[in-house]
Ligand SMILES: CC[C@H](C)[C@H](NC(=O)[C@H](C)NC(=O)[C@@H](CCSC)NC[C@@H](N)Cc1ccccc1)C(=O)O
């Protein structure tokens, strides 16, 4: 059954969705860049649980342990978590999945302890789920047969409540038409060719690059050539090792940034490219380096400008101006 769940912006770094797991309500980070649904649990040390809601399997009448099953996930930012696994009923908006693999955290890295979320809902392809000895399916894969269309959409407006729509696209959340591109899911991500970008109106090629739509990443992360080309056009910009990224005078004029998603450019307005004050009169850029590799990561800043549609038939990724 189709449904929509409200996504609330938290600290400007993520959007949290109130989710009911075995009758227990948690604020979870929906992450199209990973495929594990994991929650803070009663098995965590009390010091790791402080400030978080957490799941207690013994309090759920529908929990079924998967004995001997474990999970262990690492993320690109160096964070990670691990634990054991059971099945329970998960409700997100109007969509309910029974016997969803729920991964209970026994360890979480420090960034998660200080982060606002009580866990993650992975919405990438189940092929990268980390549960062993038997890989588990994502909430979306399990929900698909009950949805009108096998898709979900992310509506994440800047500094305002958004939504995740399951089973349908909501034309009240975007303008114009949705442009789709086919997705290569071989790495388990919503990934597509992204072979050129524009700084303002100047076109640059990015041959061999792809883009990944990742609602669990805050910023826009691109290869060093693109990041350098962009900040060369921002007077006073520099890389700050103490701030861990490019900063510029808050008074600087910023060019727009566009990048191809398949064959169509997405354009990020200058207003979204200033992520806010770093320190004093220096501001932090929303475009930062992805480091090595040829995969750009298009995170929440992208979704602040575009409604994103993740369609399992194809599969394909679509976007429309919000
Ligand atoms: C170093 C880990 C590499 C990147 C790889 N892991 C991944 O690709 C995982 C699934 N995905 C991620 O690390 C990234 C996508 C990387 S694209 C190469 N998305 C998920 C991340 N935003 C989740 C998160 C949310 C809030 C706070 C922190 C982290 C692996 O396990 O091999």
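In my numbering, the protein residues as written are 95 to 416. Where a beta carbon is used, it is the ideal one built from N, C-alpha and C, also for glycine. Please read all numbers here as calculations on a predicted model, not as lab measurements.
For residue 208, there is no enclosing beta strand (DSSP E); the enclosing alpha helix (DSSP H) covers residues 204–208.
Residue 333 sits in a strand when the DSSP states are folded into three classes. At least one heavy atom of ligand 1 is found less than 7 Å from the C-beta of residue 389. Rounded to whole angstroms, the separation of the alpha carbons of residue 234 and residue 360 is 26 Å. CA-CA distance, residue 276 to residue 267, rounds to 22 Å.
In this structure, residue 169 has its CB closer than 7 Å to one or more heavy atoms of ligand 1. In the displayed model, residue 314 falls within a strand according to three-state DSSP. By the C-beta criterion, the region 257–271 is judged to be in contact with the region 96–105, since at least 3 inter-stretch pairs fall below 8 Å. Within the same chain, Cβ atoms closer than 7 Å to the Cβ of residue 348 are found at 328, 364, 367 and 368, the five residues on either side in sequence being excluded. When DSSP reads this structure, residue 298 sits in a beta bridge with 291. For residue 310, the distance from the CB to the nearest heavy atom of ligand 1 is below 7 Å. In summary, residue 317 is buried, with 16 or more beta-carbon neighbours lying within 10 Å of its beta-carbon over all protein chains present. Shown here, residue 234 sits in a helix according to DSSP, grouped into three states. For residue 226, the pairing in a beta bridge is given by DSSP as 164. In this structure, the C-beta of residue 233 stays at least 7 Å away from each heavy atom of ligand 1. Taking residue 415 as reference, the option from 408, 406, 409 and 397 with the minimal CA-CA separation is 397. Per DSSP, the unbroken alpha helix (DSSP H) holding residue 395 starts and ends at 394–397. Residue burial is scored here from C-beta neighbours: residue 298 has fewer than 16 other C-beta atoms within 10 angstroms and is therefore classed as exposed. Assignment of residue 241 by DSSP, reduced to helix, strand and coil, places it in the coil class. With a threshold of 7 Å, the Cβ atom of residue 288 does not count as near ligand 1, since no heavy atom of the ligand is closer than that. Taking the Cα positions, residue 113 is about 6 Å away from residue 185. Looking at the backbone, the Cα of residue 220 and that of residue 296 are separated by about 38 Å.
In this structure, residue 212 and residue 120 form a Cβ contact; the two beta carbons are roughly 4 Å apart against a cut-off of 8 Å. Contact between residue 401 and residue 249 holds: their C-beta atoms lie close to 5 Å from each other, under 8 Å. For residue 326, the secondary structure class from DSSP, reduced to helix, strand or coil, is coil. For residue 325, same chain residues with a beta-carbon under 6 Å away, outside a window of 5 residues either side, are 331 and 340 in chain order. Taking the Cα positions, residue 199 is about 16 Å away from residue 153.
With a cutoff of 8 Å on beta-carbon distance, residue 125 and residue 187 are scored as not near each other. Here the region 304–323 makes contact with the region 385–393; the two share three or more CB pairs at distances below 8 Å. The alpha carbon of residue 413 has as its nearest neighbour, out of 245, 375 and 108, the alpha carbon of 245. In the three-state scheme derived from DSSP, where H, G and I count as helix and E and B as strand, residue 248 is classed as strand. Comparing alpha carbon positions, the residue from 183, 358, 115 and 172 closest to residue 271 is 358.
Nearest to residue 338 by alpha-carbon distance, out of 167, 171, 224 and 136, is 171.
The DSSP-derived three-state label of residue 265 is helix.
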